[in-house]
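Per our numbering, the sequence shown starts with residue 26, numbered consecutively. We put the beta carbon where it would ideally sit given N, CA and C, even for glycine. Presented below is the structure to which this report refers.
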Amino acid sequence: MATKKFTPITPGLRYKVANAYAEVTTNKPEKSLLVPNKRSGGRNQKGEMTMRYIGGGHKKQYRIIDFKRNKFDIPATVKTVEYDPNRSAFIALVSYKDGEKRYIIAPEGIAVGQEIISGIKVAPEVGNALQLGNMPLGSVIHNIELQPGQGGKLARSAGTSAQLANKEEKYAVLKMPSGELRKVLINCYATVGSASNSDHALESMGKAGRNRWKEIGRASCRERVSSPV
């Protein structure tokens, strides 16, 4: 991934550092995997504002992500790598041999045309999903389940990953991005590799207006209270 800086021809561009989206291959999402993402704007059913500092923002649709990776032993081919407005990591559209299409969290380094698979005894290669008990020690993983069949809950945001530190009889010991050592049942699934868009933390908004486009950071006013004399 790469970031880009801008010539400061306006005050908002002076400190802006944006994503170059070098990995993204299309800006047209798969329509069958989109659902409406309605927002209240902080209003109740009467249209009265009940929550402050909420409102505005660009319209967006939710992409249905396959966190479970439960189509076992069926190869899938990566069709596109896409931007998702609902999360910091990129997503990948994969097409299975039986014709079904699904979105997954895109691992770092995944490419269009690459073949991935999930199952109990698949190879521990980038993009493949398998049980923690079948991974070699030291594996870098993301989209980790907390309970078998629950779907990935850990290490899903941009650039994050955990490392398989140890395996016991019933549990796998994971070193989390925070440095915490956490035990997870050894038959939980995870995806090999780290989540994509690792340079997300290097981006700089440049101006407050970009946060308004994301429906966060609406202007607020704090009344200054003078201290009693």
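What whole-angstrom Cβ distance do residue i and residue j have, given they're in contact under 8 Å?
i: Tyr128; j: Leu58; result: 6 Å
i: Ile166; j: Lys178; result: Ile166 to Lys178, Cβ: 13 Å. No contact.
i: Pro173; j: Asn212; result: 5 Å
Cα separation between residue i and residue j?
i: Arg207; j: Gly184; result: 19 Å
i: Val42; j: Gly231; result: 7 Å
i: Ser113; j: Phe92; result: 15 Å
i: Gly163; j: Asn191; result: 8 Å
i: Arg94; j: Ile241; result: 32 Å
i: Ser186; j: Ala154; result: 14 Å
i: Arg64; j: Lys146; result: 43 Å
i: Leu38; j: Ile142; result: 43 Å
i: Asn111; j: Glu140; result: 25 Å
i: Tyr214; j: Gln156; result: 4 Å
i: Val137; j: Gly82; result: 31 Å
i: Gln188; j: Ala131; result: 18 Å
i: Arg88; j: Ser229; result: 25 Å
i: Pro54; j: Glu194; result: 43 Å
i: Ala244; j: Trp238; result: 13 Å
i: Asn69; j: Ala233; result: 26 Å
i: Tyr46; j: Asn222; result: 9 Å
i: Pro61; j: Lys84; result: 10 Å
i: Gln175; j: Leu118; result: 21 Å
i: Leu199; j: Asp224; result: 23 Å
i: Ser182; j: Thr102; result: 23 Å
i: Leu227; j: Arg235; result: 16 Å
i: Glu73; j: Cys246; result: 19 Å
i: Glu205; j: Thr216; result: 19 Å
Considering only the beta carbon of each residue, do residue i and residue j sit closer than 9 Å?
i: Met201; j: Ala180; result: yes
i: Ile116; j: Glu107; result: yes
i: Val209; j: Ala197; result: yes
i: Ile90; j: Asp123; result: no
i: Phe97; j: Gly144; result: yes
i: Thr28; j: Asn44; result: yes
i: Gly218; j: Gly158; result: no
Please confirm whether residue i has its beta-carbon closer than 9 Å to some beta-carbon of chain C.
i: Val60; result: Of the protein chains in this structure there is only one, and it is not chain C.
- Task: Report yes or no: do the segment 38-56 and the segment 66-79 share at least 3 C-beta pairs separated by less than 8 Å?
- Result: The segment 38-56 is not in contact with the segment 66-79.
- Quick one: which unbroken beta strand (DSSP E) runs of 3-plus residues sit fully inside the segment 49-124? Chain order, please. Runs of the beta strand (DSSP E) inside the segment 49-124: 101-107 and 116-121.
- Query: Can you list the alpha helix (DSSP H) stretches of 4 or more residues lying completely in the segment 184-246, in chain order?
  - Reply: At a cut-off of 4 residues, the continuous stretches assigned as alpha helix (DSSP H) that sit fully inside the segment 184-246 are 233-238.
- Runs of alpha helix (DSSP H) wholly within the segment 123-170 (minimum 4 residues, chain order): Counting only runs of 4 or more, we get nothing.
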